[in-house]
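Same order as they appear, the protein sequences are chains P and H. Here the working numbering runs 1389 ahead of the position in the first sequence, where the first position is 1. Here the working numbering runs 1389 ahead of the position in the second sequence, where the first position is 1. Even glycine gets a Cβ: it sits at the ideal position worked out from N, Cα and C.
Number of protein chains: 2
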Amino acid sequence: MGRVTDPSEMLITTGSQEGMDLLCSVLLNDGDTIIVEGPTYPGALHAMRNRGARFLTAPCDKDGLIVENLPAIIEQGRKDGHKIKFIYSIVNFQNPSGATLSTERRKKLLEIAEQYDLIIFEDDPYGHLSYTGEHKPTIFSMDKNGRVVYACSFSKILAPGTRVAWIVGDATLMRKIAMVKQGTNLCTSVVAQALVYEYCRLGHLDGFLPKIVAHYAKKSAAMDEAFKKHLPANTIYHTPEGGFFYWLQIPGIDSNALFMKAVEKGVAFVTGPAFYPDATGKDFMRTCFTFAQPNEIEEGAKRLAAAIKEL
Amino acid sequence: MGRVTDPSEMLITTGSQEGMDLLCSVLLNDGDTIIVEGPTYPGALHAMRNRGARFLTAPCDKDGLIVENLPAIIEQGRKDGHKIKFIYSIVNFQNPSGATLSTERRKKLLEIAEQYDLIIFEDDPYGHLSYTGEHKPTIFSMDKNGRVVYACSFSKILAPGTRVAWIVGDATLMRKIAMVKQGTNLCTSVVAQALVYEYCRLGHLDGFLPKIVAHYAKKSAAMDEAFKKHLPANTIYHTPEGGFFYWLQIPGIDSNALFMKAVEKGVAFVTGPAFYPDATGKDFMRTCFTFAQPNEIEEGAKRLAAAIKEL
Chain P
1390 MGRVTDPSEM
1400 LITTGSQEGM
1410 DLLCSVLLND
1420 GDTIIVEGPT
1430 YPGALHAMRN
1440 RGARFLTAPC
1450 DKDGLIVENL
1460 PAIIEQGRKD
1470 GHKIKFIYSI
1480 VNFQNPSGAT
1490 LSTERRKKLL
1500 EIAEQYDLII
1510 FEDDPYGHLS
1520 YTGEHKPTIF
1530 SMDKNGRVVY
1540 ACSFSKILAP
1550 GTRVAWIVGD
1560 ATLMRKIAMV
1570 KQGTNLCTSV
1580 VAQALVYEYC
1590 RLGHLDGFLP
1600 KIVAHYAKKS
1610 AAMDEAFKKH
1620 LPANTIYHTP
1630 EGGFFYWLQI
1640 PGIDSNALFM
1650 KAVEKGVAFV
1660 TGPAFYPDAT
1670 GKDFMRTCFT
1680 FAQPNEIEEG
1690 AKRLAAAIKE
1700 L
Chain H
1390 MGRVTDPSEM
1400 LITTGSQEGM
1410 DLLCSVLLND
1420 GDTIIVEGPT
1430 YPGALHAMRN
1440 RGARFLTAPC
1450 DKDGLIVENL
1460 PAIIEQGRKD
1470 GHKIKFIYSI
1480 VNFQNPSGAT
1490 LSTERRKKLL
1500 EIAEQYDLII
1510 FEDDPYGHLS
1520 YTGEHKPTIF
1530 SMDKNGRVVY
1540 ACSFSKILAP
1550 GTRVAWIVGD
1560 ATLMRKIAMV
1570 KQGTNLCTSV
1580 VAQALVYEYC
1590 RLGHLDGFLP
1600 KIVAHYAKKS
1610 AAMDEAFKKH
1620 LPANTIYHTP
1630 EGGFFYWLQI
1640 PGIDSNALFM
1650 KAVEKGVAFV
1660 TGPAFYPDAT
1670 GKDFMRTCFT
1680 FAQPNEIEEG
1690 AKRLAAAIKE
1700 L
C-alpha cells in the first residue's frame, strides 16, 4: 500500500463491502452526503443507502474521477444543504469504467480533501490485477493527516467467498469502526482468516497472482478484439489495463431495452443506470470478461451486436 | 427447531450477532423501541443501540421472562410514545441469568405478541447445551403467523470463530434481511460455511456435542459446589441447567467496586449493570464456568469470597 502501517491502523473486514458499510455507520447521520463517481459500483450505493446516505455524483473520464470538478460540486452541494462526509473512489481499473485514476489526480484529490476537510474512501479491489505491470501509488501512501481510508480484498485475487478483506486508516477512526463491527458480527471468521493467512504464508498467493493476471489479460484481449470486430462503429469504450470490466456506450441506445433483447439471445450485461445514484447512464452497459472462455466471448459479442441491430 | 422450514425462511448469518443487527436494520427506525429481558446479553444491546433503538426492560425470574408483566409494560410504553417493534428473549439458559423460559410462558409470550402485533426474536445460542437432557419446544415451532424469528449458532457448540449461525422466520421478512445483508457483507464466508457443513455431514458434531455437554456439566457442578462452599450465605443464585453462566446477587453489594477488588486477587466476572439498558443490576454479577478447570473454579470462588469480605 506504499507505506508501513501500524496494526492499530488496520481492521480485517468481511469483504470490502463491510468496510464500506462500517465506515458509513461511523461517519454518516441520516441524510448525510457522499460524493461518488459517476459511474460507480452499485454495491457501494446499496451499502451507503442502507446507512441513510444521499449522493452527489462527480463525472469521470478515461483517467478516472475528474477531480478538477470537485471544488465546484462540493461548494454547490454545501450551498444546497448537503452535509458531505466523504468522497468514494475506486482508484484502479474502476468498476464499471475500467479507468485508473492518474497519479496527478490522486495528489490533487488529496489536496481537495484537505482543503474541504473531507475523508477519502480509496477502494482498491482490482489494484493487483494490472495487465500492463504498471501500479500507481495509493492515495493512502501520500496521506499525512489520516484523511484516507484504504480498502483492499482477497475477493478478486483469491476467491470472493472467503469474505476476507481489510481497511487501513487513522487509528482513532479504525477503533470506532471496530466498535461498530463488534455490534454487527463481532469479528470476521477466524477460520477464513486462518486459511487466507496460511495460503499467503506458504507463498501460494505469490505463485497464483501472475497466473491469474495472465489468465484475465488474455480474456480482456479477447473481448477487446471481439468488440472491435462485431460491435457497431459508434460504440465508445476505453480498453481497460486491468480489472474485470468493459464499459460500453452506444449513444442513443436504451440499455434496459437492449438488455431484454440480449437476454433473448442468451447474452447478458449490467445496464448503465445501475451504476448511477440517479439512474442516469441509460446508453451505457458493463460487460465482464473473467468467466467466459475467449470463444464464448466472441460469440457473446456477436449476439450482443445482433441484439443491437434488432433494437 | 420443532418444525420443517423452507429454505426461503432461512438465512445463514455471520454469527447470531449479525442476525440481531440485520433484524434491527429492517424493523427499526431511529428511536424505535425493543422490549428486552432484564438482565440481557450486552452484545444484543450494543447491536440494537447501533441501529438507534430505545429500550423497555421486562423483569425475569428463575423461569425466564415474566411474560405476565408484558401487557402492562407494552400499554404503558405505548402511552409514553414508544414505537415497540419486537420482543427480544434468550429462551434457553439465558445469558446472563441461566434461566430457561417455561413452556407455559412460551405459549403465553406468543399470544401476547399476537395480541399486540409484535415480532419475537427468539435467540437460542445455548439450547443444545442442556445438562439435564431436557429440551423445551421453541416458540418458533408454535408460531403459525410468521411472528417469530428464531436464531441459532455454531458458536457455542463448535467454535465461535467460525462465525456461522442462522436465522429462520417469515420468508418475506427473511428476504428483506437478505437484501440488507447484501449491502453489509454480501454473504457469510462460504469457506467457513463449507467447513461447518462438512463437519456436520461427516457426523463430527453429533459425536462432539455429548462430549462438550458432559464437559461443561462437570464444570457447572464444580462452580455450584464451590459457590455453596465459599460464597457468603446471603448470595442468591439459581443453579443453571445448561449454558455457560451463573448469575449471582449479593444484596447491597456494589459489583463495580467488587470487580476492582476481585481483579486485584486475580479473579474476574462481568458486573451486573452491563446487562441492563439502564445500567441497574448493581448488586449482580455474571460468572462463566466454561474455560477454567474445576480446581481453578474452586480457587476463583475462594478469591471472590475473600474480595467480598474485604469490601
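Buried versus exposed, by CB contacts within 10 Å (16 or more), residue i
i: Cys1589 of chain P; result: exposed
i: Ile1462 of chain P; result: buried
i: Tyr1586 of chain H; result: exposed
i: Val1652 of chain P; result: exposed
i: Val1557 of chain P; result: buried
i: Leu1562 of chain P; result: buried
i: Lys1474 of chain H; result: buried
i: His1524 of chain H; result: exposed
i: Asp1532 of chain H; result: buried
i: Thr1492 of chain H; result: exposed
i: Glu1407 of chain H; result: buried
Reduced DSSP secondary structure (H/G/I, E/B, other) of residue i
i: Leu1575 of chain P; result: coil
i: Ala1554 of chain P; result: strand
i: Met1390 of chain H; result: coil
i: Gly1689 of chain H; result: helix
i: Tyr1539 of chain H; result: strand
i: Ser1644 of chain H; result: helix
i: Thr1676 of chain P; result: strand
i: Leu1562 of chain P; result: helix
i: Asp1469 of chain H; result: coil
i: Glu1426 of chain H; result: strand
i: Phe1510 of chain H; result: strand
i: Ile1463 of chain P; result: helix
i: Val1580 of chain H; result: helix
i: Val1656 of chain H; result: coil
i: Leu1454 of chain P; result: strand
i: Ser1519 of chain H; result: strand
i: Gly1487 of chain P; result: coil
i: Gly1670 of chain P; result: coil
Euclidean distance between Cα positions of residue i and residue j
i: Gly1550 of chain P; j: Ile1401 of chain H; result: 14 Å
i: Leu1637 of chain H; j: Tyr1515 of chain H; result: 19 Å
i: Ala1436 of chain P; j: Tyr1430 of chain P; result: 10 Å
i: Gly1470 of chain P; j: Pro1666 of chain P; result: 18 Å
i: Cys1413 of chain P; j: Thr1624 of chain H; result: 46 Å
i: Ala1494 of chain H; j: Gln1582 of chain H; result: The amino acid occupying residue 1494 of chain H in the given sequence is Arg; Ala does not appear at that position. When rounded, the distance between both Cα atoms is 34 Å.
i: Gly1466 of chain H; j: Ser1644 of chain H; result: 30 Å
i: Phe1529 of chain H; j: Phe1648 of chain P; result: 43 Å
i: Thr1489 of chain P; j: Gly1427 of chain H; result: 54 Å
i: Thr1660 of chain H; j: Asn1458 of chain H; result: 26 Å
i: Phe1543 of chain H; j: Arg1438 of chain H; result: 25 Å
i: Tyr1520 of chain P; j: Ile1509 of chain H; result: 53 Å
i: Lys1607 of chain H; j: Ile1642 of chain H; result: 29 Å
i: Arg1536 of chain H; j: Ala1560 of chain H; result: 11 Å
i: Ser1486 of chain P; j: Gln1504 of chain P; result: 27 Å
i: Val1580 of chain P; j: Thr1446 of chain H; result: 36 Å
i: Ile1476 of chain H; j: Asn1484 of chain H; result: 16 Å
i: Lys1718 of chain H; j: Met1409 of chain H; result: Because residue 1718 of chain H is not part of the residues shown, which for chain H are 1390 to 1700, the question remains open.
i: Tyr1701 of chain P; j: Gly1689 of chain P; result: In the structure displayed, chain P extends from 1390 to 1700; residue 1701 of chain P sits before or after that span and is not available.
i: Ser1578 of chain H; j: Ser1578 of chain P; result: 7 Å
i: Pro1526 of chain H; j: Val1393 of chain H; result: 13 Å
The beta strand (DSSP E) enclosing residue i, as first and last residue numbers
i: Gln1638 of chain P; result: Phe1634 to Gln1638
i: Lys1474 of chain H; result: Ile1473 to Ile1479
i: Pro1448 of chain P; result: Arg1443 to Asp1450
i: Leu1417 of chain P; result: No beta strand (DSSP E) contains Leu1417 of chain P, which DSSP labels as neither H nor E.
i: Leu1400 of chain H; result: Met1399 to Thr1402
Run of the alpha helix (DSSP H) containing residue i, from where it starts to where it stops
i: Val1498 of chain H; result: Just to set this straight, residue 1498 of chain H is Leu in the shown sequence, not Val. First-last of the alpha helix (DSSP H) with Leu1498 of chain H: Thr1492 to Gln1504.
i: Phe1616 of chain H; result: His1593 to His1619
i: Leu1547 of chain H; result: Leu1547 of chain H -> no alpha helix (DSSP H), and no H or E assigned at all.
i: Ile1379 of chain H; result: Since the first residue shown for chain H is 1390 and the last is 1700, residue 1379 of chain H is missing from the structure and cannot be characterised.
i: Ala1433 of chain H; result: Pro1431 to Asn1439
Exercise for the section: Would you be able to state if there are at least three C-beta pairs under 8 Å between the region 1624-1638 of chain H and the region 1566-1574 of chain H? Expected result: No, because fewer than three Cβ pairs between the region 1566-1574 of chain H and the region 1624-1638 of chain H fall closer than 8 Å, the two stretches do not touch.
Exercise for the section: Assess, as a yes-or-no matter, whether the region 1609-1617 of chain P is touched by the region 1675-1691 of chain P under the definition of 3 or more beta carbon pairs within less than 8 Å. Expected result: These segments touch.
Exercise for the section: Tell me, please, whether the region 1671-1679 of chain H touches the region 1620-1635 of chain H by the rule of three or more beta-carbon pairs shorter than 8 Å. Expected result: Touching, yes.
Problem - Stretch pair the region 1438-1451 of chain H + the region 1414-1424 of chain H: three plus CB contacts closer than 8 Å - result: The region 1438-1451 of chain H is in contact with the region 1414-1424 of chain H.
Exercise for the section: Please confirm if the region 1479-1499 of chain P is in contact with the region 1452-1459 of chain P, defined as three or more CB-CB distances below 8 Å between the two stretches. Expected result: When C-beta atoms of the region 1479-1499 of chain P are compared with those of the region 1452-1459 of chain P, three or more pairs fall below 8 Å, so the two segments count as touching.
Practice task
Determine, using beta-carbon pairs with one atom in the region 1687-1698 of chain P and one in the region 1656-1664 of chain P, whether at least three such pairs fall under 8 Å.
Solution key: Verdict: yes, contact present.
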